[in-house]
Amino acid sequence: MKTIRIGIFGLQRGASFIDNILANNGEIVAVCDKYPQFVDAAVKKLGGTAKGFADFDAFIEEPMDAVLIANYFHEHAPYAIRALEKGIHVLSECISNGTMAEGVALVRAAKKSSAFYMLAENYPFMLFNQEIRRICKGGTLGDIMFGEGEYNHPSPGLPEQAADLCDGINHWRKWLPATYYITHSLAPLCYATGALPVRVTAMPIRAPYPEDSAVVKFTNDRTAVIMTQNDDGSVYRVTGCASFGAHGNTYRICGTNGQVENIRGTDGKVMLRYNEWQIPEGREAVNFYHPELIDDDAELIRKAGHGGGDFFVIRKFFEAIRTDTKPEMDELFGTRLSSAAILSHRSLMAGGAPYDLPDFSLESDCKKYENDRISPFWLSDGTAPNYPCSSHPEDKPSQYAIDNLKKQLERRFGKSE
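Following our numbering, the numbering of the sequence shown begins with 22 at its first residue and continues without gaps.
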């Protein structure tokens, strides 16, 4: 098995892939992050065999076959493009592009490159989602009509946790619109059915945070309900990153003959149901079961993060490189999901008006969006947002929450901004 030489850019997320990379016969040759403590920790974990960098320009010159892009959520595309231009295979964390213009540039770069691009979306590889895909591909559900996906991740908002997943008040998590973190709810449906969204509409769900809450967010939109019409005529209903009680990731696919879902409040249990007159041989009308993990790497999968999804992402990426086979979740898949995230937010801001999604394999669609740099986020270079992140643009965190965040940033990073 060919050893894949890989670099990791962005270590607060990227370092969590180290064990999975090594388990899949990868060699980590370089790591990069602007915070030296994260670089030092990664180099130490790797026994000093990887070079550490603070600067991407120097990092990307290190000889490598592939790179994992795991920096800030909304700033992946420029670095992915740089790697593709050098013929380096790219595994990019979600989302693939923070603006529509970046999506165009990414697809154009991938088209010219000798290297592959793959989106590192892990939720399709959770065991119950792989079972949902298996059932869909088996055909017993009939024609697929409808799908639901919910990624619900409420946080207690404890004061001491305010800086755990951010490094400043302008961090992307503080300005995240309700629709943008869409891939964990949408990608498993697309992966299971093969259908991609072509039109979106969205509505916000608001619940203001109390004055004594330590949550720092510039939106009180706790989630959004997003409807997509798909290229096969089916419809999905999904959320972004939802914050209603209680925590759970749930998915359902409905066909003309039956439906399959993972059951809320259970440890990955699946319910598969059929019309009484369309029950396949060997099944009941209603079937409850836990899918069985049958895989040569079962023990490694059980140890991996996100229900084994992190292991599968690395394995799929390396398999694509070793077999010279384009990944299923490629740049067109990634940018379609990003377009759904971005344009459903514009729908939300326009009272639910529908937006057609571009197909960036078509140059006519690329032309339409190649200069669209609308963004609700602060950029690392200090560029301010040019579009509201909330359905109510006046939303802002309490002064208590801001003061507490500054205190926690000082504790963690030695800075208060």
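Here a beta-carbon is modelled for each residue, glycine too, at the ideal position from N, C-alpha and C. Here the structure is a predicted model, which means the values were calculated and not measured.
In terms of CA proximity to glutamine 58, Leu32 leads the group Asp40, Leu43, Leu32 and Glu152. Fully enclosed beta strand (DSSP E) runs of no fewer than 3 residues occupy 269-276 and 279-283 of the segment 260-285, in order along the chain. With distances taken between CA atoms, aspartate 318 lies nearest to Ala44 out of Phe38, Met22, Ala36 and Ala44. Sixteen is the threshold: since fewer than 16 other Cβ atoms of the shown chains lie within 10 Å of the Cβ of arginine 432, the residue is exposed. Excluding sequence positions up to five before and after serine 359, its CB lies within less than 6 Å of the CB of Ile116, Ser117, Asn118 and Gly124, all in the same chain and listed in chain order. Serine 264 is positioned such that its CB atom lies no closer than 8 Å to that of arginine 294.
Remark: C-beta atoms of valine 291 and phenylalanine 149 approach each other more closely than 8 Å.
Beta-bridge annotation (DSSP): phenylalanine 74 is paired with Cys53. Around the beta carbon of threonine 120, 16 or more other beta carbons sit within 10 angstroms, so the residue counts as buried. Separation of the CB atoms of isoleucine 25 and aspartate 86 is rounded to 5 Å, and the pair is thereby assigned contact status at 8 Å. In the DSSP assignment, tyrosine 100 falls within the alpha helix (DSSP H) that extends over 98-106.
Annotation for aspartate 242: the continuous beta strand (DSSP E) segment containing it runs 242-251.
Separation of the CB atoms of leucine 210 and glycine 168 is rounded to 4 Å, and the pair is thereby assigned contact status at 8 Å. Within the segment 278-339, the runs of beta strand (DSSP E) that reach at least 3 residues and sit entirely inside it are, in chain order, 279-283, 291-295 and 307-310. Fully contained in the segment 183-238 are the following alpha helix (DSSP H) runs of length 4 or more, in chain order: 204-214.
DSSP, read as helix, strand or coil, puts asparagine 392 in coil. Phenylalanine 434 and histidine 174 have their C-alpha atoms some 25 Å from each other. Take arginine 394, set aside five residues on each side of it, and the residues of its chain with a beta-carbon closer than 7 Å to its own are Thr120 and Ala122, in chain order.
Taking the Cα positions, isoleucine 109 is about 16 Å away from alanine 141. In the displayed model, serine 255 falls within coil according to three-state DSSP, outside both helix and strand.
Looking from the CA of lysine 195, the closest CA among Thr204, Gly178, Tyr257 and His205 belongs to Gly178. Apart from sequence neighbours up to five positions away, the residues of its chain that approach glutamine 299 with a beta-carbon distance below 6 Å are Asn278, ordered along the chain. The Cβ-Cβ distance between valine 50 and valine 60 does not fall below 8 Å. With fewer than 16 other CB atoms across the displayed protein chains lying within 10 angstroms of its CB, alanine 79 is exposed. When the Cα atoms are used, arginine 220 and proline 145 turn out to be separated by approximately 22 Å. Using a Cβ-Cβ distance cut-off of 8 Å, the segment 179-195 and the segment 342-354 are not in contact, since fewer than three pairs of beta carbons, one from each stretch, lie closer than that value.
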